[in-house]
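*Asks:* Provided herewith is a single structure, encoded as structure tokens, for subsequent inquiry.
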Amino acid sequence: MKTLKIGVVGAGRIGKLHVANLMTRVSGATVVAVTDVVAESAKALAAQFGIPKVYGDYCELVNDPEIDAVFVCSSTDTHSVISYDAVMAGKHVFCEKPIDFDLDRINKVINAVDQMGVKFQVGFNRRFDRNFKHVRDTVQAGTIGDPHIVMVTSRDPAPPPISYVKVSGGIFLDMMIHDFDMVRYLSGSEVTEVYTNGVVLVDPAIGEAGDVDTAIVTLKFANGAIGVINNSRKAVYGYDQRVEVFGSSGCITADNETPNLTTLYTENGVMREKPLYFFLERYNEAFIAEEQGFVDAIASDKPTLVNATDGLKPVLIAMAAKKSLETGMPVKL
């Protein structure tokens, strides 16, 4: 099998993660070029992993004829532009979420992918978590009957810097967007209506930046099921990631990942480990699985497991959730 040659745009936290996995854990691929707006970051990453090419501009990278695929790991506001240019250069593209906050720009990318016939995958890595995937497979197999209720809990261990909050698009487009994708994935159905409650309980500065830090969104699905997503920017006990699907014939849940599965019983109480601290620890195996899935889809010429339309749908739900918060009314998709 031909080794897929990859160029990575962005040498920040998520770019470093993808490069490390692609160079050490993913088969059938290698990184041959990297670029970043901070040149020293790109050079340091290239030196660490022996990447032969460092470009000063992403346009040079996407137009390099040696490169087969591009990983877009740059700042959110550049995702759609870089993705579009890479697709039009004939490259397969892996784009971190979200593609964009603007629907026209997302659709421009979708149309380009259709025009050029390349593979495109969005980085909704939680679909590749072994436990969440088992929940999805169990639901699809009909083991719990018809889905009635879908519940997702997602709480970060600490709020992000206010500088990040101001450019993130807000809790619905930045944090809960993963959960909007997850409820589509778990239910096997599209969201038709949302209703939002959101408040500022963690950090007043988040409210001053125009966002909320604690939110609950209730959802209706096309298949008749209902759902609930709850988010908080601060869970003092760690990264809280749980799902549940309740159906006509049963229920399936996925609990938090912990450093170990032991339970200690003493006269002072019963104790278990706290959840893994944050997403790099909690979802690293899922990151590897999504990267391998992208490489395999190209090698076997099969559809990617999270396509560009899958990148659009959660943005639509997030926009509806934000509108519901602003109006205090349910919003249909």
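Per my numbering, the sequence shown starts with residue 7, numbered consecutively. Where a beta carbon is used, it is the ideal one built from N, C-alpha and C, also for glycine. Computed from a prediction, not measured in an experiment: that's the story for all the values here.
Less than 7 Å between C-beta atoms, sequence neighbours within five positions excluded: which residues of the same chain meet that for Lys172?
*Replies:* Same-chain partners within the cutoff: Ala215.
*Asks:* Of all the options Ala118, Asp246, Tyr64, which has the alpha carbon lying nearest to the alpha carbon of Val158?
*Replies:* Looking at the Cα atoms, Asp246 is the closest of the given residues.
*Asks:* Identify the residues that DSSP records as bridge partners of Cys101: which are they?
*Replies:* Partner(s): Val78, Val128.
*Asks:* In its own chain, which residues sit with a C-beta less than 6 Å from the C-beta of Tyr191, not counting the 5 before and 5 after it?
*Replies:* Taken in chain order, the residues that qualify are Arg133, Arg142.
*Asks:* By Cβ distance, which residues of its chain are closer than 6 Å to Val223, with the 5 residues on each side in sequence left out?
*Replies:* So the list reads Val200, Thr202, Ile235, Ala327, once near-sequence residues are dropped.
*Asks:* Just how far apart, CA to CA, sit Gly96 and Val321?
*Replies:* Roughly 26 Å between the two C-alpha positions.
*Asks:* Rounding to the nearest angstrom, what Cα-Cα distance links Phe284 and Val156 in this structure?
*Replies:* Phe284 and Val156: Cα-Cα distance of roughly 23 Å.
*Asks:* The alpha helix (DSSP H) spanning Asp110 covers which residue range?
*Replies:* Per DSSP, Asp110 belongs to the alpha helix (DSSP H) from 109-122.
*Asks:* Looking at Leu10: is its Cβ nearer than 8 Å to the Cβ of Ala48?
*Replies:* Result no, Cβ atoms of Leu10 and Ala48 do not sit closer than 8 Å.
*Asks:* For Ser174, which option in Asn117, Tyr289, Thr84, Val115 has the closest C-alpha, if you only look at C-alpha atoms?
*Replies:* Looking at the Cα atoms, Thr84 is the closest of the given residues.
*Asks:* Going by DSSP, which residues form a beta bridge with Leu270?
*Replies:* In the DSSP output, where bridge partners are listed per residue, Leu270 has Met277.
*Asks:* Is the number of C-beta pairs between the stretch 10-19 and the stretch 69-87 that are closer than 8 Å three or more?
*Replies:* In short, these stretches touch, since the Cβ pair count reaches three.
*Asks:* Output the distance between the C-alpha atoms of Met181 and Gly213, rounded to the nearest integer angstrom.
*Replies:* Rounded to the nearest angstrom, the two C-alpha atoms are 16 Å apart.
*Asks:* Quick one: Cα of Val128 to Cα of Cys101, how far?
*Replies:* When rounded, the distance between both Cα atoms is 5 Å.
*Asks:* The alpha helix (DSSP H) that contains Asp143, what's its start and end?
*Replies:* Asp143 -> alpha helix (DSSP H) spans 136-146.
*Asks:* Work out the CA separation of Asp106 and Tyr90 for me, nearest whole Å.
*Replies:* About 11 Å.
*Asks:* Do Lys240 and Ala164 have their beta-carbon atoms positioned less than 8 Å apart in this structure?
*Replies:* Yes; because the gap between Cβ atoms is below 8 Å, this pair is in contact.
*Asks:* Rounded to whole angstroms, how far is the Cβ of Val205 from the Cβ of Val218, which I believe are closer than 8 Å?
*Replies:* Right, their Cβ atoms sit about 6 Å apart.
*Asks:* With 16 other CB atoms within 10 Å as the buried threshold, where does Arg288 fall?
*Replies:* Counting Cβ neighbours within 10 Å, Arg288 comes out buried, since at least 16 surround it.
*Asks:* At the level of alpha carbons, what is the spacing between Phe300 and Cys257?
*Replies:* Near 31 Å, if we compare the C-alpha coordinates of Cys257 and Phe300.
*Asks:* Have a look at Met94, Pro104, Asp135 and flag the residue whose alpha-carbon is nearest the alpha-carbon of Gln121.
*Replies:* Selected option, being the one with the closest Cα: Met94.
*Asks:* Which residues in the same chain have their Cβ closer than 8 Å to the Cβ of Val208, if we skip the five residues on either side of it in sequence?
*Replies:* Within the same chain, Val208 has close Cβ partners Pro165, Asp219, Thr220, Ser238, Arg239, Lys240.
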